[in-house]
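As structure tokens, the structure follows; a few thoughts come after it.
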Amino acid sequence: MSRYVIKRILLIIPVVLLVAVVIFTIMYFCPGDPAVLILGSGASAEDLNILRESMGLNDPFLVQLGNYLIDVFIHFDLGNSYTTGIPVVTELLERFSKTLVLALSAIIIEVVVGIPLGMMAARHRGKWLDRLCMVIALVGISVPAFWLGLQLLLVFSLNLGWLPAYGVSSWQGWILPIFVNSLRGIATMARQARSSMLEVIHSDYVVTARAKGLTERKIMMSYALPNALIPLIQTMGSSFGQALGGTVIIENVFSIAGIGQYIVKGIVNRDYAVIRSTVIVLSIAFSLVMLLVDLAFGFVDPRIKAQYAGSGKRLRARGKGGRKAYV
Amino acid sequence: MNGQTNGTRHKVKKQSQTREIMGRLFQSKTAVAGLIIIALYLLVAIFADFITPHSISEMDLSVRNLSPSSEHWFGTDDFGRDIFSRVLYGTRYSLGLGLGSVGLALIAGIILGCISGFFGGWIEEIILRICDVMQAIPGILLAIAISMVLGSGFVNTIIAIGIGRIPLNCRMVRAQFLGQRKLEYVEAAQATNCPKTKLMFIHILPNAISPLIVNTTMGVGGMIMMAAGLSFINLGVQPPLPEWGAMMSAARDAIRYYPYQLLFPGLAMALLVLSLNLFGDGLRDALDPKLKD
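Residue numbers (our numbering), protein chains in the order written: chain E, 403 to 729; chain D, 59 to 351.
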């Protein structure tokens, strides 16, 4: 197992580096001159040139890229905002916790709500309960998040006055943003859980378990679910990306001072330094979560772990067959 | 999958596979309902110029912010423009954005996937590593970065949101190709000296494409929502164009007083995305009947 973990961790390093390279390269072609953005259009040509020189903007592309990568990965310096001059790192650290709460709670809720919903639908396949669950899930993936957010804000905050309309100074303020941000994930998870449960529910080992007279609950939880888990973990990883990206819009709707709001501010001010660095940081966070997902695969599915083990181990793992449901 | 169902039936006359799939598709009421609604949206998008009761751009400040009435079904916006007309016209933009971006991703993904799945070796390795990197960036963030460079606008938004989907399609096609590469018909085609491009696109691709079709159908809705999200954060398609996301973004400030300005574009979008998903579900079940029972 340790070999698998180390291999996966080593494999993530070039990906993270290349993410930074790709984003830097894309943003390098942004129209407009950062020096003009910082000093304003009234600045003299001489001042602009001095600033460009000090920022290294006159260097060739590869030198700029190299310096940026060294700054980011060795000095942990993400540069300064063009408009406020505040280091991006400072802002990100300040805003990090709120975005993390939004994204993580979305994942937790989608697992806690989505999987049981999908399992219930699979168990009552074709009956009204199944239909109800799937209709809810279908609506969940079809409604634009910011529109739903604004409608809920209108009803619960502006019309009924039950919840605060602005910010997250009290815990009530979190209810709507977390709900809206997790809805899509819940729906995706429920659909995925239903279809992967349906795939295993007719397997021989489930039939055997039922023939042995085990309770339905036991069959579902200890026989069907573990075997249906792989696609679910995968869905979890990718919907963390969704939830993380979703915060950009949700934070804007609910006026939460998180990283997403920072990005939108950067867009409005055309503050490329902010957007570049923030996108890189969020992508790295996402990559790390996907790494965790991959590691989780190794724990859940012995076949995957075996791929990374030596050839002798691979044979043994295949011989043993893995989980108890296979035995 | 489909081969098995054909085999077990023992029919003398073999039915065309496409017809069989269509038959299964049209048995599903929800899929048909989805298809009909999508067709209606398509008609509205195509004939938007003729069916809008009012001008979409002419401002008339004497009828600002009217509530829905028989004259203005969805009311009027801050500039006195008829919202019903703008929602109808917005179909063209939103559907265009959705179809355009998945189309872009489909073409690029198929080409890259075919190349990597067919040739293998270092080409495959390079393409897959690029996919890894692209997939490490959450979709909306990549779209934001690209939109910042390209600027707002219809075609630019298609590119910005479409690029993020390419790796997914590429991987899918490649995985299918790997399964097909060793099959007999490929060997036979190779033995008859079939040109590589013909083998890839005429022989293997049709056998490899069904998961991609389902995925693409389901993807249109997501792309429409992402495009609207971009408009909402000042990128993507911008006002005064009547794209739904842009309309909702503009209606946001007046939400307390004129909530219907936000309501209708959002409902139009939700219904379209819902229909696309219903149709996509039906298509998946039709192509892969194993999942159904």
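Where is the CB? At the ideal position from N, CA and C, for every residue including glycine.
Through-space distance from E/Y406 to E/G700, alpha-carbon basis: 8 Å
E/P433 classed as buried or exposed, judged by whether at least 16 other C-beta atoms fall within 10 angstroms: exposed
Inter-residue Cα distance where the pair is E/V681 and D/L270: 29 Å
In DSSP terms, what D/T134 is bridged to: Answer is D/D140, bridged to D/T134.
8 Å Cβ cutoff, E/S689 in contact with chain D: yes
D/P225 in three-state terms, based on DSSP: helix
Which of helix, strand or coil DSSP assigns to E/P566: Here E/P566 sits in coil by DSSP.
Cβ-based neighbour list, D/L236, same chain, cut-off 7 Å, excluding 5 preceding and 5 following: G175
Cβ-Cβ distance between D/V272 and D/R342 below 8 Å: Cβ distance < 8 Å, so D/V272 and D/R342 count as in contact.
Min CB distance D/R362 to chain E below 8 Å: Look at the range of chain D in this structure, 59 to 351, and you will see that residue 362 of chain D is not part of it.
Residue environment, E/F656, which counts as buried when at least 16 other CB atoms sit within 10 Å: That one is buried.
Cβ shell of E/R705 (< 6 Å), same chain only, five flanking positions each side left out: Around E/R705: no qualifying Cβ.
Start and end residues, alpha helix (DSSP H) containing E/N482: Per DSSP, E/N482 lies in no alpha helix (DSSP H) and is assigned neither H nor E.
Ordered list of alpha helix (DSSP H) runs contained in the stretch 505-592 of chain E, each at least 4 residues: 517-525, 530-544 and 547-554
D/A344 classed as buried or exposed, judged by whether at least 16 other C-beta atoms fall within 10 angstroms: buried
Below-8 Å beta-carbon distance, E/Y568 vs any chain D residue: Interface with chain D (8 Å Cβ-Cβ cutoff): E/Y568 is excluded.
Residues of the stretch 413-426 of chain E with Cβ closer than 7 Å to any Cβ of chain D, in chain order: Within the stretch 413-426 of chain E, the residues whose Cβ lies closer than 7 Å to some Cβ of chain D are V417, L420, V421, V424 and I425, listed in chain order.
Minimum Cβ-Cβ distance from D/D135 to chain E less than 8 Å: no
Endpoints, the alpha helix (DSSP H) within which D/V322 is located: According to the sequence provided, residue 322 of chain D is Phe. The question's Val does not apply to it. Where D/F322 is concerned, the enclosing alpha helix (DSSP H) starts and stops at Y318 to L345.
Positions along the stretch 172-196 of chain D whose CB lies within less than 7 Å of some CB in chain E: D190, V191, A194, I195 and P196
Proximity test, Cβ basis, 8 Å: E/L684 and chain D: So, interface residue.
Burial state of E/N427, where buried means 16 or more other Cβ atoms lie within 10 Å: The question names Asn, but residue 427 of chain E in the sequence shown is Thr. It is exposed - the Cβ of E/T427 has fewer than 16 other Cβ atoms within 10 Å.
Inter-residue Cα distance where the pair is E/N583 and D/I181: Rounded to the nearest angstrom, the gap between the Cα atoms of E/N583 and D/I181 is 39 Å.
Identity of the residue in D/Y99, D/K87 and D/L199 nearest E/G648 by Cα: D/L199
Own chain, CB closer than 6 Å to E/R454, minus 5 neighbours either side, in chain order: A437 and N460
Short-range partners of chain E found in the stretch 282-307 of chain D, where Cβ spacing is below 7 Å: M283, A286, G287, F290, I291, N292, L293 and M306
Boundaries of the alpha helix (DSSP H) in which D/F105 is found, first to last residue: Annotation for D/F105: no alpha helix (DSSP H) segment contains it, and DSSP assigns it neither H nor E.
Expected contact under 8 Å - CB spacing of D/V244 and D/A266 to nearest Å: That pair is no contact at about 11 Å.
DSSP three-state assignment for D/P269, whether helix, strand or coil: helix
Residue(s) in a DSSP beta bridge with E/P800: Within the shown structure, residues of chain E are numbered from 403 to 729, placing residue 800 of chain E beyond reach of any answer.
Neighbourhood of D/G300 by C-beta, 6 Å cutoff - its chain only, sequence neighbours within 5 removed: In the sequence under discussion, the amino acid at residue 300 of chain D is Pro, which differs from the Gly named in the question. Excluding sequence neighbours, D/P300 sits near I114, R144, Y147 and G148.
Chain E residues whose Cβ lies nearer than 9 Å to that of D/A328: The contacting residues are V541, S544, V545, P546, W549 and L550.
Proximal chain D residues relative to E/G647, where beta-carbon distance stays under 7 Å: P196, G197, I198 and L199
Top-ranked residue by Cα proximity to E/L420, from D/P111, D/V191, D/Q234 and D/D140: D/V191
Host alpha helix (DSSP H) of D/I181 (start-end): G179 to Q193
Residue-level contact to chain D via CB, E/F558, 8 Å cutoff: no
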